[in-house]
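Below is one structure; the comments refer to it alone.
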Amino acid sequence: MEKKNEGAVRNLIALLVVIFALVIGASVIGDLMHEKSSSTAVVVSSSDSDDEEDYDYDDDDDYSSSSSSYSSSSSSSSSSSYSYSSSSPSISREYRNALETAKSYLKYSSFSEKGLYEQLTSEYGEQFPADAAQYAIDNCGADWNAEALESAKSYLEMDPMSDAELYEQLTSEYGEQFTPEQAQYALDNLPQ
Numbered sequence: 001m002e003k004k005n006e007g008a009v010r011n012l013i014a015l016l017v018v019i020f021a022l023v024i025g026a027s028v029i030g031d032l033m034h035e036k037s038s039s040t041a042v043v044v045s046s047s048d049s050d051d052e053e054d055y056d057y058d059d060d061d062d063y064s065s066s067s068s069s070y071s072s073s074s075s076s077s078s079s080s081s082y083s084y085s086s087s088s089p090s091i092s093r094e095y096r097n098a099l100e101t102a103k104s105y106l107k108y109s110s111f112s113e114k115g116l117y118e119q120l121t122s123e124y125g126e127q128f129p130a131d132a133a134q135y136a137i138d139n140c141g142a143d144w145n146a147e148a149l150e151s152a153k154s155y156l157e158m159d160p161m162s163d164a165e166l167y168e169q170l171t172s173e174y175g176e177q178f179t180p181e182q183a184q185y186a187l188d189n190l191p192q
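At position 24 of the sequence shown (counting the first as 1) the number is 24 in UniProt numbering, and the numbers step up by one without a gap.
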C-alpha cells in the first residue's frame, strides 16, 4: 500500500511541477508580448485614399489620424505605408474591425476592391456597415493591380485557360470583379 501511495505522491508532485512551469512560462511570454506590443505604434495609410490623413494602429486600441514623417513600404502584394505616431482622434471599433478583417482576407487570398467590399458587407459574409467596409477598402493598403495578378496566377494554376477567358473571369460580376485596367495589368504581367 505504501508503494502505491509513494507512486501517487510522485505523480502528483510531477504534475504540480509541470503546471507550475506552464503558469510561469505563460506569464513570461505574456509579459514579453505586452512589452513588445506596447513599444510600437504604427500608422497605416492607403495611397488610394482621397484624404491626406494617416490612421494610427497600435495594441492600445488608439487608432488615430496623424501626419508623421517616417514611412516605409511593405514587400507583400499589398502595399502599405507605415508611420510612427503618438496621438489623435479615435477611429471607431467597427472601422478598426473592418480594416483588420480586410487585411486578413488580403493576407490569405487575392481580392478585387469590389469583391472585398462585398465580402465585408454581405449578409452571408462579415456584415459590416457600408461606411466601415469603405473605410477598410480605403485604408487596407492593397495594390489592386497586384491582387489581380495574383488572382490570375491562381486561376491558371487550377485550370489553364486562354487570355480572353481569364480576362472575362477577372472582370465578370460573377467572377473576381476587377476593373478592366486591373485585369489587363494582370494579363500583361503574367509569366510567359
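In this text, a Cβ means the ideal position worked out from N, Cα and C, and glycines have one as well. Just so we're clear, the structure is a prediction, and the values are computed from it rather than from any experiment.
Sequence-distant residues of its chain with Cβ nearer than 6 Å to residue i (five each side left out)
| i | result |
| --- | --- |
| Asn145 | Gln182 and Tyr185 |
| Asn189 | Leu149 |
Per-residue burial, residue i [other beta carbons within 10 Å of its own, 16 or more giving buried]
| i | result |
| --- | --- |
| Glu147 | buried |
| Asp143 | buried |
| Ser104 | exposed |
| Asp159 | exposed |
Residue nearest to residue i in terms of C-alpha spacing, selected from the options
| i | options | result |
| --- | --- | --- |
| Leu116 | Ala152, Asp188 and Gln177 | Gln177 |
| Tyr135 | Ser92, Pro180, Pro160 and Ser109 | Ser92 |
| Ser109 | Gly125, Ser154 and Asn139 | Ser154 |
| Gln127 | Leu170, Thr101, Leu187 and Ser172 | Thr101 |
| residue 194 | Ser172, Ala152, Asp131 and Ile137 | Because residue 194 is not part of the residues shown, which for the chain are 1 to 192, the question remains open. |
| Tyr95 | Ala130, Glu173 and Gly141 | Ala130 |
| Gly141 | Pro160, Pro180, Ser112 and Asp159 | Ser112 |
Coil, strand or helix - residue i by DSSP
| i | result |
| --- | --- |
| Ser151 | helix |
| Ser90 | strand |
| Leu99 | helix |
| Thr121 | helix |
| Gln169 | helix |
| Pro160 | coil |
| Pro191 | coil |
| Gln127 | coil |
| Glu176 | coil |
| Ser104 | helix |
| Gly141 | coil |
Same chain, Cβ closer than 7 Å to residue i, five either side skipped, listed in chain order
| i | result |
| --- | --- |
| Ala133 | Ala98, Tyr117, Leu120 and Thr121 |
| Lys114 | Gln177 |
| Asp163 | Leu187 |
Cβ-based neighbour list, residue i, same chain, cut-off 8 Å, excluding 5 preceding and 5 following
| i | result |
| --- | --- |
| Leu156 | Leu166 and Leu190 |
| Gly175 | Glu168 and Gln169 |
| Met161 | Tyr155 and Gln169 |
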